[in-house]
Structures are given as C-alpha cells and as structure tokens.
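Counting along the sequence shown from 1, when you hit position 385 you're at 385 in our numbering, and nothing is skipped either side. Beta carbons are placed, not taken as given, at the ideal position from N, Cα and C, and that holds for glycine.
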Amino acid sequence: MADLKERLLAPKPASALNVREVSNRPSASGRQAFQGVDVLGLKKRGQGLRSWIRVDTSGNSQAIEVDKFTMMRRCDLPARDLRLLDPLFVYPSTILGREKAIVVNLEQIRCIITADEVLLLNSLDSYVLHYVMELQRRLTTTGVGEVWQSDSSDMNRRRGSRNFENVFSNSSPDYLPFEFRALEVALEAACTFLDSQAAELEIEAYPLLDELTSKISTLNLERVRRLKSRLVALTRRVQKVRDEIEQLMDDDGDMAEMYLTEKKRRMELSFYGDQSMVGYKSVDGASISAPVSPVSSPPDSRKLEKSFSIARSRHESMRSSESTTESIEELEMLLEAYFVVIDSTLNKLTSLKEYIDDTEDFINIQLVCFLSPRVHVNFIYPNYWSCFLCLIIHANYCTCSHKQLTMERGRSTSNFVALW
C-alpha cells in the first residue's frame, strides 16, 4: 500500500524539502524556525511578472515576461513612470523623455521606447496590435537599424546629401532614428483615433441639432445633453495631447533629451576612446593608477598634451552641439506635423461646440416667443378681475346706501338711481 501511494503521489519539490529541513533545525537561540512558508514560491508570486511585446530595430517582435523591477533596471525608469503604462489606471496623455527611454502614454498606445527596442504591455486591443504591425512594416521596409549602425562620418555624409524629395517622400524618412520612428507611429495612431472620434461625433451631432431646431422635445433635448457631455470629454483629451506636443516643442532641452540613439553613440565612442587611451598607456609602460609626476615629464610634452586635449574637447563639443541642433530640428519638424493634425481636430470640436451653443440660443428665443402671449394674457386677466371686484364693491355700497335712505327719510327709489 505504501508503494502504491508513492507511485501515485507526485514527488515533493526540492524547495519544500529544503524549507522543511531548515525549519526543523533549531536556530541559534534554541527556537524553532518559522514553519509552513515556501520562500521560493512566495518570491516567485511576488515578482509580478507581466507579458510585454518587444519590437527591435529590425522589426522583429516577441513576447517576453518581465517583472516591474527588472523593467525599471532595464530602461532606467522610476516606478511612477511604469504606473503610467498600467491599463488599470487612467492618466492623461504624457510624453516623457528620460535618460535611456521615452515613456509614451497616448490614448490606447502606452509603451517604452529605447534606442534599441519598443516595449508594450501585451494586450488584445486592436489599436495596440495595429501599432505593432505598422511599426514592423515601416522598420522592415526601410531598415532603420542598418542606417544607424554605420559610423558617424557615413551618417553625416548621408545627412548632408539628402534633399527635400527624400525628406517628404515617406512619412518616416530613413535618416530618423529608431526612437523617433516609433514615436511617430504612436503620435499617428493617437491623432488618427481622436480625429475619427471627432468625425463620428460630427456625423451624429449636426442632424440631431437640426432636428431639435425644428421639433423641440424632451427626447431630443436629452440626446443633445448626452452629446454635449461626450463633446466636452473628447475636447479635454484632444486638448491634453495638443498641450503635450506644444510643451515639447517649446522646450529644446526636453527634445534633446529624447535623442536616445545619439546619446548611446556618444557613450560608446567615449567608452572606446577610454579603452584606447588605456591600451596606449599600457603599451608605453606608464602606470594608470599612479599620477604622473610633473618632474619626470618634460614641460614641452605636457604643453603639447594639454593643447591636444583642449583642441579635442572643443572639437567634440562643437560636433555634439551641431548634432544636437540638427536632432532638435528633426524632432521639431516631426512634432509640428502632428501638432497641426491635432490642432485641426480641436478646431472641429470647437466649431461643433459653437454650433451647439447657437442652437441653444435659438431654442431659448423660440421659447420666449412662445411664452410671451401667455405672459401678456396672465398680466391682463388680473386687471379685469380687479375692475370687476371694484364694481361689485361699489354696487354693494350703493345698495346699502339705498336701504339707508329709504328707511330714514322715506324717499323713493329715484334717489338711488340718481346716486348711481
């Protein structure tokens, strides 16, 4: 019976056995350790693994499972930036430029863009899937990874030889880095989504408002009220996206911070330069850790080395400033294009709101004109009743006077007629 039980039951995991063995051992103080807790399983449950969609520079996508802390270390992001990507929370549209990543929260598109990859929370939302497919299509057709893996001289030569036909031939030109291309697809998806919602609202609103002007009813008024609530909410979302793009365009520092590929290339060049200097000093036999004594080296060589270092630093600063200015111009042109699109959507919603306000004014005028005769009648009728009441009081007074005259003086009714 014991053999049958051992064959049917699954073997105990090693983690449980280890924990039980450790728990049975007495501690240094003589007490029994805490029992009944699977530490490894608890750690695994507390990691909070989430499924992400990863798209690299070549357009290849894969699903990965990463916990929050690993993602924070991978992209060098704080926890508050990751909360912006959580679909359980509602945050306004935001575009944040960090040291190694760009955090994008635009309507349904919530992603992390780095110099090498785009990370999105794995979702079955159609807009997220469409974003991934569109990004893959643009990356595979132009090969952005090959463009930015070349050296700096080839890149500068390619930039200098481009013309306006190459700039405007495609929505995502070849000279744009990977992070800007991914950001462009996100901006395009958000602007297209908001513009489609504004168009649907226009199609529904104008016939309803025309019907309301011809026939004022409780049902039509309720429909217009709901329509106006939707319009206010959509206008607020469009205004937030527009303000976010405008804020980025007004700050050159934020735009320069979003140039991730250029920053990565500079870090690699500085790293390789340091390695080459280390190799050069090691070949010459000079010590790296110990400082060089000013007495041992001749003054002419020190002056020459100092002049070379100053010239090299000036050249690197000039080159970095030129590339930063150029990158800011490229990103500014990209943001300006979608700023025009979202501003056009906002103008549509503003025109629709003005049309609703004009319709409300027209309905108020109609109601005033409809109620004016009744107000006039209600004003005249009380005057008629007051005159009639005065006549009744006067008649009663005359009757009383007639009786008094008849009883006291014995006069005829002709006096009453004369008094009347």
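| query | Is the number of C-beta pairs between the segment 126–139 and the segment 180–187 that are closer than 8 Å three or more? | reply | yes
| From D254 to L49, what does the alpha carbon distance come to, in whole angstroms? | Along the sequence shown, read from residue 1 onward, the residue named residue 254 stands at position 254. Along the sequence shown, read from residue 1 onward, the residue named residue 49 stands at position 49. Roughly 31 Å between the two C-alpha positions.
| message | Whole angstroms are fine: how far does the CA of F339 sit from the CA of F241? | response | If you number the sequence shown from 1, residue 241 lands on position 241. If you number the sequence shown from 1, residue 339 lands on position 339. As written in the sequence, residue 241 is Val, which differs from the Phe given in the question. Rounded to the nearest whole angstrom, the C-alpha separation of V241 and F339 is 9 Å.
| query | For I216, does the three-state DSSP call read helix, strand or coil? | reply | The residue given as residue 216 occupies position 216 in the sequence shown. The answer is coil: DSSP assigns I216 none of H, G, I, E or B.
| field | Burial state of E126 (16 or more Cβ within 10 Å) | value | The residue labelled residue 126 in the question sits at position 126 within the sequence shown. In the sequence as presented, Glu is not what sits at residue 126; that position holds Ser. With fewer than 16 Cβ atoms within 10 Å of its Cβ, S126 is classed as exposed.
| request: Note down the Cα distance separating F69 from E204, rounded to an integer number of angstroms. | output: The residue labelled residue 69 in the question sits at position 69 within the sequence shown. The residue labelled residue 204 in the question sits at position 204 within the sequence shown. Rounded to whole angstroms, F69 to E204 spans 46 Å at the Cα level.
| Selected residue, minimal CA-CA separation from D56, among D116, A337, T235 | As a first step, residue 56 must be located in the sequence shown, where it is residue number 56. Per the Cα distances, D116.
| Rounded to a whole number of angstroms, what is the C-alpha to C-alpha distance between F178 and R73? | Locating residue 178 in the sequence shown gives position 178, where the first residue counts as 1. Locating residue 73 in the sequence shown gives position 73, where the first residue counts as 1. Looking at the two C-alpha atoms, the distance is approximately 21 Å.
| request: Round the Cβ separation of I109 and A198 to the nearest angstrom and send it over; I've been treating them as touching at under 8 Å. | output: Here the question's residue 109 lines up with position 109 in the sequence shown. Here the question's residue 198 lines up with position 198 in the sequence shown. I109 to A198, Cβ: 18 Å. No contact.
| said: If distances are taken between C-alpha atoms only, which option among W52, E329, C75 comes closest to I64? | reply: By one-based count along the sequence shown, residue 64 stands at place 64. Considering only alpha carbons, the answer is W52.
| Residue closest to T94, alpha-carbon to alpha-carbon, out of Y131, V128, Q239, F193 | In the sequence shown, residue 94 corresponds to position 94, counting from 1. Selection Y131, V128, Q239, F193 evaluated against T94 yields Q239 as nearest (Cα-Cα).
| query | Can you give, in chain order, each stretch of the alpha helix (DSSP H) that sits fully within the segment 35–120 and has at least 4 residues? | reply | For the segment 35–120, whole alpha helix (DSSP H) runs of length 4 or above, ordered along the chain, are 39–46, 68–75, 79–83.
| Touch check for the segment 223–235 and the segment 348–359: three-plus C-beta pairs under 8 Å? | yes
| request: Just confirm the distance between the C-beta atoms of T359 and L212, as a whole number of angstroms; I'd bet it's less than 8 Å. | output: Sequence index remark: in the sequence shown, residue 359 carries index 359 (1-based). Sequence index remark: in the sequence shown, residue 212 carries index 212 (1-based). Contact flag correct, Cβ pair sits at about 6 Å.
| message | Can you tell me where the alpha helix (DSSP H) holding D252 begins and where it ends? | response | Here residue 252 refers to the residue found at position 252 of the sequence shown. Counting along the chain, the alpha helix (DSSP H) containing D252 begins and ends at 252–257.
| Expected contact under 8 Å - CB spacing of L194 and E107 to nearest Å | To locate residue 194, count along the sequence shown from 1; it is residue 194. To locate residue 107, count along the sequence shown from 1; it is residue 107. That pair is a contact at about 7 Å.
| query | When you compare each of E329, Q366, Q62, L84 to K215 by their alpha carbons, which one comes out closest? | reply | Taking the first residue of the sequence shown as 1, we reach residue 215 at position 215. With distances taken between Cα atoms, K215 lies closest to Q366.
| Relative to the C-alpha of V341, which residue among G59, T141, L187 is closest? | Residue 341 sits at position 341 when you count from the first residue of the sequence shown. The residue with the shortest Cα to Cα distance from V341 is L187.
| So, K100 versus D76, is the Cβ gap smaller than 8 Å? | Position 100 of the sequence shown, counted from the start, is the residue given in the question as residue 100. Position 76 of the sequence shown, counted from the start, is the residue given in the question as residue 76. Going by C-beta atoms, K100 is nearer than 8 Å to D76.
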